[in-house]
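Encoded as C-alpha cells, the structure appears first; notes follow it.
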C-alpha cells in the first residue's frame, strides 16, 4: 500500500492468450527502462490458455518519461494482442459512491478512506434519495441528488453520466444503491462499477431476502461483491464472504449480520480494485491478493 | 459429551405451541422425580408462537423407573399438545452409514467414532457399489451391498428398509450416497436421515457443480447438511459452512476443498443429532449447541 | 433484540452453587407472577458445580409491580445464595466510551448505535486527548477531555469517576483508550468495563506488536474483548476472533486487519453485555448467545 | 496440482538480496531453454530488501536435459548469490510420518494421500510407541518402532537418521510426535521437518494446555504448523488457524476441536511444502499460495 513516504510506483495489469516468453518479454522491457519490479504475480489458465499478470514496480529510477514507457508497452503488448492497463501511485483514482437509504456501506467506505485504507479520492456521492446527505456532509463530500421515477430515469441517468465524466470518475461503487442501472449506463463503465448484494445458501430472489432466509432456516448469510454488468447481479464476482446464523436470529439480527458482511466484502473489493489487483476475463475475475 | 466416567443422563426434546408456564411445568415435573437439570435451553419463536426446549438431566438420583418417568411426561406433555422425545446416555443410538464411491465422509465418520467423538454404535454400512468395502473392513463394520438399477430400486430399497428395521437403526447418514431415496423411504424415517450436499453461491444444479462454480468464478464453496425429505436437497438445514477459493484453484482443488467442508459439516450435523440437539419445525431446525 | 414495537421484557441473570430444583424454582416464581419466559438458557459447570442461568421474559402480563417482583426474587435467590441481576428493555443502559487517538472503534460503536444495533444510550465520550472531539460532534455526543499526566492521573480519574456516577453510567467501553486505569477505578466498576486489545499467536508484549508479529511471520492477527480488572489485559475474556495474514502484508496491512477484527469483536462484546448475555465467574465468562 | 494427465513440470524457488533485473534474468533463462512459465509469484520484502520467487513451468518443450538446465541455473543464480531449489513433478517427494499415540493427524494424512491430495510417497511411519501400528498397516505402510528412553535417545535417533537417509526421505512430518528432537536431528534436516502444535490466545505452556485454556475461559483454540528448529515450537510458522469455543465446551470438546484444527493446518502445511510453495528467511516463511 502506498503512502506519502513511499516511492512512486506503477502497477501494470496484463491479459492475453498464453504463449511462451511473455513473462520474460515484459520483465526485460521494464528492466531496460530502469524499473525495479517490487511484486509480480502471474497466472495461466490452462483450460482456456489465457495468461494474466500483475506487475508492481518502482518508478524512481525510470530512465524515460511515462508517456514513452506507455508507448513502448503499447508496441510490446500489441505484438502479443495483450490487453493492458497501467496506473500510477501518485495519480489517485477518483471514486463516486452511489447510495439510496442504507448508510452502513457509505459510512464504512468513508471511514476507511479517512483512515488511509483506500488509496483514492472520493469527490462525490450520488443518490436517488435525500436521506444520506448528512452523512456525506459529515465527511465534507458533495452529495448529488437525482430522484428517479420511471419517467425520469433516462434523463437522470444522462445527468449522472455527464457528472461522472466531467468529474473524471474512475470507479463507481454501488453502496446499496437501490436502482437498477440501465444497459447504457453499465456499458459506459465496463469493469468500473462495483456492486454489493446479499447472498444466502440457497439463494432467494425477490423481496425481503432475509425473511425468506429465516423461513427456510439457513445457517449462513453472506454477501457478494461483483462488477456490474447489464445482467443484474450476474457480473464477475470479486469477493464473497458469509457469517453464521441460527434459529435464535431474528430478521433484525440477520439484517445486522448481513450489514457486517456486506461492508467488509464491499470494502475489500473496492480496495482490490484501487490497488489494481483485479483482471476480468469473461464471467470471471482473477484477483492477485 | 458423555463418557464412561459420566453419570447416566437423559435428554428431553420438546416442542409445542407457546403458552405461559411451560418451563415451570417441565422443570417441576423433573425436580419432583429427583432429576437434576444439567443444561437447559429454551427458544420461543415469537412469529410462529412456538416453544422449543432441550433439557439435559442427570438420572443418578431419579426416584422412579424410566418407564414411569415417561408415563408422567406423556401425561404432562399431552396437556400442552407437546411433541416430545427422550433419550438416555446409556442407550447409544444405532447408525447406518450409506455410501457409494466417495470415501472421505465415510472415513471421517468412522475415524471420529473411533476417537470417541460420536456417541453411537455403527453396526452397518450400506452401499449401492462395492468400492468402499475395504474401508468398512478396516474398521470391522459389516458392509451391505445393494446394487441398484431402475428396475431393482423398489425391491432393493425394500430389503434395505427391512435390514434397517431388523437392526433397529435410529439414524441413517447419507455420506455421499449417490442414489435418490424414494418417497416411501424418506417417509419411513422422518427426521432420521441426514444428507450432505455441496453448496455454492450462486447455487449450481445438475452435473459437475464444481466445474460450473469454476466457470462462474465463485470465491466460496460450501456444504449443507440437512434432514432428507422427499424434496431432494430441500429438507430442514442442520449445518452449513464454506471455504474460500480463488482463480488459482483448479477443479481438483475445489473438489478437495469441497471434501474438507463436506466432512466437517456432516460430522457436526451427525454429532448434534446424536446429542439430541436438533428439533425440526416445518422447513426449519432449531439447533441447541 | 428489542425494538419500539416489541413488548417490554426483562432479563434475569443468575449464578450460584449448583443444586437440584433451581430451574423449577425460578420458572415457578416467574410463572406465578404472570411472566412469560421467551428464552431461557442454563449452564451447569460440572467441575466447579456452579449453576448459571439467563431468563428473558415478557412483562406485559405481569401481575405485580417491578419492585415487588424484585423483592420476591431477592427472597428466592437469597434461599440459594444466588447472585442475581435484572434489567428491563425499557430502561436502556447508559454507556460511556473512552478513547484516545484511534477512531475506528469509536466510529464503529457510534454507527452501530445509530443503526439500532446497540440498545443503549451513549451520553458521553471521555478522552485523554482532544483528537477525536470532531467524531463525537458528528454524532452529537458530548466529548469530555481529561488530559492525563503522571502527576494529574489520580485527580483526573477522580473527576472521571464523579462524572460517570453523576451521569449514572452502567457500562464503560475502552475503545482503544491508551491509559491504564488505576486499581481504584477498575474496582469501582466491576464487570462493567469492557476493554479491547490485539492478540497474536504467539502473543507479543510491549511496543509495536504488529511489527513484532511481522518479524515473527505470524499467519493470524486477532483481538480479545474482556472485562477490565486490575490485572491489565487479564480480565475475563468475552469474545475473540482472528483474521488471516501472510508475508505479503506490511505493518500497515496488519494494522488495518487488526482494526477490522478489533471493532467487530468489541462491538460483539458490547452488544452481548447490553443484552445481558454475560455472567462472570472467577476468571471466566459464561456467554449465552 | 499435478496428476497423471498433466505434463511434466518443474518448480523453482529462489531467494536473494533484492536488485534490479532478477525477474527478467530468470524469465529469459527459462524462455531461452524452451520452458513455458505456468505460474510465477514474486515478493520483495522492502524492509529487508530481500527477493523471493516461485516459478512453476512446463518442461514438455525443454530443449536441453535437466542437468544442463540446472547447470545454467547454478551459473545464473551464482551471479546474484541466490539460494535456489528445483523440483520436478515426476519425482515425488518421499515423506516420513512421525507419530506417538494420537492417531488423528496420521489418519488424516494417510487418507489425503490416498485421495490424491498429497503429491508424494509415504514409504514409512516412525514411532516411539507401538500404538498406531495397526493404522499404518491399514494403509500398508511399514511402521518402524523406536522406543525411546533418556538413556537410549541418542542411539535411537541415530538409527532413525540412518533409516531416513537410506530411504532418501525428503520431508519429515511430526504428526503429534511426543518426543523432542535433538539439535543434531533438527540440524540434519533444515527446513525439512514440519511440526504441529496447539495454539491458544493467550498461549499456555506446560502440561494440559486445554485444561488451562478452559480455566482461563478462552474463546478460541488453534493450531500452528511450523518448521522444526532446535528451539522447540519456535521455528518459522507455515500455517495457523483457530476454531471458536465457549463456556459450554468441556475439555473433551476442546480436545476434539483442537484435533480438527490440528489436522487441517498440518495437512495444509504439508501440501504447501510438497508443492514447493514455501521459502524460509530467518524466522519467517514466504508462502506462495
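Chains as they are written, first to last, in this note's numbering: chain A, 1 to 289; chain B, 290 to 578; chain C, 579 to 867; chain D, 868 to 1156.
Where a beta carbon is used, it is the ideal one built from N, C-alpha and C, also for glycine.
Checking 8 Å against the spacing of the C-beta atoms, do residue i and residue j come in under that value?
i: residue 700(C); j: residue 675(C); result: yes
i: residue 101(A); j: residue 129(A); result: yes
i: residue 197(A); j: residue 223(A); result: yes
i: residue 549(B); j: residue 1131(D); result: yes
i: residue 283(A); j: residue 545(B); result: no
i: residue 591(C); j: residue 663(C); result: yes
i: residue 264(B); j: residue 734(C); result: Given that chain B is displayed from residue 290 to residue 578, the structure contains no residue 264(B) and the question cannot be resolved.
i: residue 614(C); j: residue 309(B); result: yes
Going by DSSP in three states, residue i sits in which element: helix, strand or coil?
i: residue 1072(D); result: coil
i: residue 536(B); result: coil
i: residue 338(B); result: coil
i: residue 169(A); result: coil
i: residue 57(A); result: strand
i: residue 356(B); result: helix
i: residue 410(B); result: strand
i: residue 589(C); result: strand
i: residue 1019(D); result: coil
i: residue 905(D); result: strand
i: residue 591(B); result: Residue coverage of chain B in this structure runs from 290 to 578, which leaves residue 591(B) outside it and unanswerable.
i: residue 141(A); result: coil
i: residue 1134(D); result: helix
i: residue 290(B); result: Residue placement at residue 290(B) cannot be trusted, given a pLDDT of 42 that sits under 50; what the coordinates show is reported in the next sentence. Three-state DSSP puts residue 290(B) in coil, outside helix and strand.
i: residue 500(B); result: helix
i: residue 541(B); result: helix
i: residue 1094(D); result: strand
i: residue 184(A); result: helix
What's the gap between the Cα of residue i and the Cα of residue j?
i: residue 296(B); j: residue 520(B); result: 41 Å
i: residue 143(A); j: residue 276(A); result: 27 Å
i: residue 363(B); j: residue 746(C); result: 51 Å
i: residue 535(C); j: residue 361(B); result: With chain C covering only 579 through 867, there is no way to say anything about residue 535(C).
i: residue 845(C); j: residue 451(B); result: 54 Å
i: residue 575(B); j: residue 510(B); result: 24 Å
i: residue 475(B); j: residue 184(A); result: 51 Å
i: residue 83(A); j: residue 15(A); result: 5 Å
i: residue 1103(D); j: residue 1093(D); result: 5 Å
i: residue 877(D); j: residue 493(B); result: 35 Å
i: residue 625(C); j: residue 595(C); result: 11 Å
i: residue 563(B); j: residue 1039(D); result: 38 Å
i: residue 541(B); j: residue 978(D); result: 16 Å
i: residue 441(B); j: residue 214(A); result: 40 Å
i: residue 1113(D); j: residue 983(D); result: 36 Å
i: residue 760(C); j: residue 766(C); result: 10 Å
Looking at residue i and the ligand NAP, is the gap between the Cβ and the nearest heavy atom below 7 Å?
i: residue 769(C); result: For the ligand NAP, the structure offers nothing, since it holds no ligand at all.
Which whole-angstrom value describes the C-beta separation of residue i and residue j, a residue pair presumed to lie in contact below a C-beta threshold of 8 Å?
i: residue 42(A); j: residue 23(A); result: 6 Å
i: residue 201(A); j: residue 488(B); result: 5 Å
i: residue 848(C); j: residue 772(C); result: 6 Å
i: residue 408(B); j: residue 381(B); result: 6 Å
Between the segment 589 to 601 of chain C and chain B, which residues of the former have a C-beta closer than 9 Å to a C-beta of the latter?
596, 597, 598, 599, 600 and 601
So if I threshold CB-CB distances at 7 Å, which residues from the segment 384 to 398 of chain B count as touching chain D?
393 and 396
Output needed in chain order: residues of the segment 253 to 271 of chain A with a Cβ under 8 Å from some Cβ in chain C.
253, 256, 259, 260 and 264
Between the segment 806 to 824 of chain C and chain B, which residues of the former have a C-beta closer than 7 Å to a C-beta of the latter?
none
Identify each residue in the segment 195 to 218 of chain A for which the Cβ-Cβ distance to at least one residue of chain B is less than 9 Å, and report them in chain order.
199, 200, 201, 202, 203, 214, 215, 216, 217 and 218
Residues of the segment 329 to 356 of chain B whose Cβ lies closer than 7 Å to any Cβ of chain A, in chain order
332
According to a CB-to-CB cut-off of less than 9 Å, which residues of the segment 400 to 416 of chain B neighbour chain D?
400, 401, 403, 404, 405 and 406
Using a beta-carbon distance cut-off of less than 8 Å, what residues from the segment 426 to 454 of chain B approach chain D?
427
Output needed in chain order: residues of the segment 1031 to 1057 of chain D with a Cβ under 9 Å from some Cβ in chain C.
none
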